[in-house]
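>
There are 2 protein chains.
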Amino acid sequence: MSNKRTEISELGEFGLIDHLNSQVRIKNTSTIKGIGDDAAVIEAGDHVKVVTTDLLLEGVHFDLSYAPLTHVGFKAVAVNVSDVAAMNAIPKQITVSIALSNRFSVEAVDALYEGINAACEHYGVDLVGGDTTASRGGLIISVTAIGEAKKEQLSYRSGAKVNDILCVTGDLGAALVGLQILEREKQVYLANPDMKPDLEKYTVVTSRQLKPDARMDIIHELRDLGVVPTSMMDVSDGLASEIFHICKASQVGATIYEDKLPIDKQTFDTAVELNLDPITCVLNGGEDYELLFTIDQKDFAKLEKHPDIHFIGHITKPEEGKYLVTKSGTAVQLKAQGWKHF
Amino acid sequence: MSNKRTEISELGEFGLIDHLNSQVRIKNTSTIKGIGDDAAVIEAGDHVKVVTTDLLLEGVHFDLSYAPLTHVGFKAVAVNVSDVAAMNAIPKQITVSIALSNRFSVEAVDALYEGINAACEHYGVDLVGGDTTASRGGLIISVTAIGEAKKEQLSYRSGAKVNDILCVTGDLGAALVGLQILEREKQVYLANPDMKPDLEKYTVVTSRQLKPDARMDIIHELRDLGVVPTSMMDVSDGLASEIFHICKASQVGATIYEDKLPIDKQTFDTAVELNLDPITCVLNGGEDYELLFTIDQKDFAKLEKHPDIHFIGHITKPEEGKYLVTKSGTAVQLKAQGWKHF
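As you go down the protein sequences, you meet chains A and B in turn. Be aware that the first sequence starts at 3, since it is given in the working numbering, and climbs by one per residue. Be aware that the second sequence starts at 3, since it is given in the working numbering, and climbs by one per residue.
Put into structure tokens, the structure is as follows:
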């Protein structure tokens with residue numbers, strides 16, 4: 003090692019990942035897709051396996067002062083299932099590794115696994131392995147999910163074509179707004195432990211933050227309707243950031259329309275209460291775990307009436323850039339300001 | 003959650019794992035084997051995939067005051083490859099997730115990945131995914147490895163039969179003795195930072211601790227010789243503990259012979275220097291990552307002359323128990339004292 007010291011913050015999370023990935027070389031013919039999508043793709047005889055993994059740390063990804071352990075367990079599974087969904091695959095197996103300090107009792111571990119097992123039940127996945135170890139710090143959870151698909155059913159980030167329709171499921175921004183509420187109530191509680199946090203009017207946004215649901219329902223419906231998205235990813239870092247990823251991987255541009263962006267009423271009202279711009283929450287809020295995908299125009303009629311799929315824009319030529327058309331009709335350049343961990 | 007608080011130490015690591023696993027229910031037909039072996043087994047068309055995962059924490063599994071980051075990266079891959087080998091499968095893909103604090107520079111991350119990439123090259127596996135995040139504490143590494151085998155080639159822990167021969171590769175106890183030396187020199191250094199650690203005469207044992215090699219060479223040789231072990235696992239917790247696992251899973255007993263146990267001369271001499279009983283190091287030292295397996299007697303002739311496979315005993319009926327026959331001819335009951343993390 004040389005004596006030069008470069009801070010990770012100089013590269014940023016995505017820069018560091020790009021830097022590390024540039025050194026990776028694929029050797030096995032069974033590796034169909036390595037790093038660079040929501041999940042890796044591996045040959046498996048008559049079908050393919052997709053593999054994805056997430057590492058969740060107390061104090062970085064969850065705060066046990068307001069996140070119940072059962073929800074943390076559920077979410078740890080759900081975020082990985084969401085990455086499998088984003089490949090248009092069906093999750094089948096997960097492994098869960100945990101590191102615990104002696105702060106945690108067996109009852110606490112049971113609460114965590116109650117959530118993990120509930121998520122396994124909900125998504126139809128089998129918990130097939132893992133590792134359990136001591137931690138000197140907080141709780142650490144590492145989940146790997148494995149899913150299945152026929153090769154021709156997969157949706158990569160790289161398949162979007164000019165004139166495809168950009169679709170997003172559910173509504174966006176709720177998880178970010180929920181996090182702000184939970185953080186605010188935590189500060190209130192820390193300042194005065196006799197104060198009871200008043201969370202009743204915020205259940206939509208807080209539960210989206212604490213216990214998001216991967217959109218496997220949409221994946222199954224798309225199959226039933228015979229629609230294979232031309233590209234797809236899940237919205238974990240924020241809509242704008244994900245659109246950038248799809249545009250980069252597919253070498254296309256995109257235009258989206260402010261008046262088409264889905265936002266829940268409670269999310270909107272709470273954002274305003276918190277002095278946050280609701281549209282900024284929709285564009286840059288992370289952790290919604292909705293699906294962002296593109297479809298060929300020929301498939302539009304099949305999805306047109308779906309109550310939970312929103313058509314927010316379309317794919318353009320790469321030189322046309324990435325734009326948001328505001329309600330007033332002005333086209334403003336999209337900026338990708340996803341969640342930064344570094 | 004009730005108000006009862008049970009300490010994890012009351013159950014122990016294996017007790018906690020058993021407790022959690024008792025709640026797991028397998029739902030998918032593609033899950034051939036879930037928790038309970040060195041790796042899970044998943045149906046994959048004409049073959050099967052094996053999946054294993056390990057979570058490694060700074061301060062628990064490695065100490066950066068003496069473990070170079072390149073070695074830590076190599077070892078993180080090797081220990082997972084070893085679990086794939088223990089199923090008699092060939093590793094093909096890995097995912098690597100890391101959590102880093104700002105203590106780590108880009109150059110430090112590069113050193114870690116130099117080791118990870120070197121191990122990928124050495125074992126012929128592809129790095130296909132992972133997660134990179136910030137940590138508030140030390141370095142965390144989570145690796146998942148995926149391997150391939152034909153279903154009939156797999157060696158489970160549960161296949162040992164009465165009269166099978168117990169085999170072990172390489173030599174044992176070195177990694178534990180190496181750890182003791184590294185810890186001793188660390189204390190010397192901490193007491194007097196001007197003292198240069200004197201590690202030159204201990205390279206065998208220290209390099210076994212710092213950069214163990216998974217025995218894929220043996221797996222390939224067994225294939226070439228047409229030998230499928232009736233049961234197998236890798237020696238990560240200690241020989242005695244692993245024999246207990248095989249006996250429990252296979253519902254058999256075992257007798258091993260002290261004079262057949264393989265120990266390297268430097269390991270022996272260093273153990274004596276450290277006032278450790280060399281045989282105790284062989285029986286209970288962890289992290290050697292050698293392979294322990296059983297073969298049918300008909301296969302003995304094929305392996306008899308192998309320089310690195312040792313025939314340490316045989317499988318008996320369950321009611322005959324688990325015994326070590328000492329050099330003096332006394333049979334003493336084996337005790338499983340594997341490494342305890344809790």
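Think of the CB as a built atom: it goes at the ideal place given N, C-alpha and C, for glycine as much as any other residue. Computed from a prediction, not measured in an experiment: that's the story for all the values here.
Going along chain B in order, which residues have a C-beta closer than 7 Å to the C-beta of V130 of chain A?
Residues of chain B passing the Cβ test: T33, G36, I37, A42 and V53.
> Could you give the residue range of the beta strand (DSSP E) that holds T346 of chain B?
With chain B covering only 3 through 344, there is no way to say anything about residue 346 of chain B.
> Can you confirm whether Q25 of chain B, when its beta carbon is compared against all beta carbons of chain C, has any partner nearer than 7 Å?
Absence of chain C from the displayed structure is noted, the protein chains being A and B.
> Using a Cβ-Cβ cut-off of 7 Å, state whether Y115 of chain A counts as contacting chain B.
Judged by the 7 Å Cβ criterion, Y115 of chain A is in contact with chain B.
> Alpha carbon to alpha carbon, how far is T72 of chain B from D112 of chain B? Give it in angstroms, no decimals.
So the alpha carbons of these two residues sit roughly 8 Å apart.
> Within 10 Å of its beta-carbon, does Q253 of chain B have 16 or more other beta-carbons around it, so buried, or fewer, so exposed?
Per the 10 Å Cβ criterion, exposed.
> With 7 Å as the threshold, decide whether the Cβ of I221 of chain A is near any Cβ in chain B.
Chain B, which has no Cβ nearer than 7 Å to the Cβ of I221 of chain A, makes this no.
> With a 10 Å radius around its C-beta and 16 neighbouring C-beta atoms as the bar for buried, classify N82 of chain A as buried or exposed.
That one is buried.
> Anything in chain B within Cβ reach of V237 of chain A, meaning under 9 Å, just list it in chain order.
Those do not exist, as V237 of chain A stays about 17 Å from chain B at its closest Cβ, beyond 9 Å.
> Quick check: the region 225-244 of chain B against the region 129-137 of chain B, are there 3 or more CB pairs under 8 Å?
No, because fewer than three Cβ pairs between the region 225-244 of chain B and the region 129-137 of chain B fall closer than 8 Å, the two stretches do not touch.
> Below 8 Å on the Cβ atoms is my guess for S233 of chain B versus S160 of chain B; work out the distance and round it to an integer in Å.
The Cβ separation is near 7 Å, so the contact holds.
> What is the rounded straight-line gap between the Cα of A162 of chain B and the Cα of T296 of chain B?
Approximately 6 Å between the Cα atoms of the pair.
> Under the rule that 16 or more other beta-carbon atoms within 10 Å means buried, what is D196 of chain A, buried or exposed?
By the neighbour-count rule (16 or more Cβ atoms within 10 Å), D196 of chain A is not buried but exposed.
> DSSP beta-bridge partners for I167 of chain B?
DSSP, once it has assigned bridges, lists B:I297 and B:H316 as partnering I167 of chain B.
> Beta-carbon separation of I92 of chain B and E150 of chain B under 7 Å?
Yes; because the gap between Cβ atoms is below 7 Å, this pair is in contact.
> Quick check on K152 of chain A: does DSSP put it in helix, strand or coil?
Residue state, collapsed to three classes: coil.
> Assuming V207 of chain B and T282 of chain B are in contact, meaning their beta carbons sit under 8 Å apart, how far apart are those beta carbons, in whole angstroms?
At roughly 15 Å, the Cβ-Cβ gap does not stay under 8 Å, so V207 of chain B and T282 of chain B are not in contact.
> Closer than 8 Å by C-beta to Y125 of chain B: which residues in its own chain qualify, once you throw out the five before and the five after it? Chain order, please.
Closer than 8 Å at the Cβ level, and outside the excluded window around Y125 of chain B, lie V79, A80, V83, P93, A216 and M218.
> Compare the C-alpha of I258 of chain B against each of B:V108, B:V334, B:L58 and B:F76 and name the closest.
Out of B:V108, B:V334, B:L58 and B:F76, B:V334 has the C-alpha closest to the C-alpha of I258 of chain B.
> Given I265 of chain B, which residues of its chain have a CB within under 6 Å of its CB, disregarding the five upstream and five downstream residues?
Only D173, G175, P280 and V284 meet the Cβ criterion.
> With 7 Å set as the bound, which would you pick, yes or no: does the beta-carbon of K152 of chain A sit closer than that to a beta-carbon of chain B?
Chain B contact via Cβ: absent.
> For E187 of chain A, would you say it is in contact with chain B, using Cβ-to-Cβ distances shorter than 7 Å as the test?
Not closer than 7 Å to any Cβ of chain B, the Cβ of E187 of chain A fails to qualify, so no.
> Nearest-angstrom Cα distance between N23 of chain A and V274 of chain B?
Distance between the alpha carbons of N23 of chain A and V274 of chain B: 46 Å.
> Between Q25 of chain A and N119 of chain B, is the Cβ-Cβ spacing less than 7 Å?
Yes.
> Rank A:G17, A:C249 and A:I37 by C-alpha distance to the C-alpha of T54 of chain A and give the top, closest one.
Answer by Cα proximity: A:I37.
> In chain order, which continuous runs of the alpha helix (DSSP H) of length 4 or greater are located wholly inside the region 180-242 of chain B?
Whole alpha helix (DSSP H) segments, 4+ residues: 205-212 and 218-227.
> Can the beta-carbon of G287 of chain B be found less than 7 Å from the beta-carbon of G240 of chain B?
Yes, Cβ-Cβ distance for G287 of chain B and G240 of chain B is below 7 Å.
> Going by beta carbon distance, what residues of the same chain come within less than 7 Å of S32 of chain A, once the five residues before and after it are set aside?
Excluding residues within five positions, the ones whose Cβ falls inside 7 Å are I44 and E45.
> For P309 of chain A and Q299 of chain A, I'd like the C-alpha separation in whole angstroms.
Roughly 18 Å separates the two Cα atoms.
> Taking the CB atoms as reference points, tell me whether I220 of chain A and L293 of chain A lie closer together than 7 Å.
Result yes, Cβ atoms of I220 of chain A and L293 of chain A sit closer than 7 Å.
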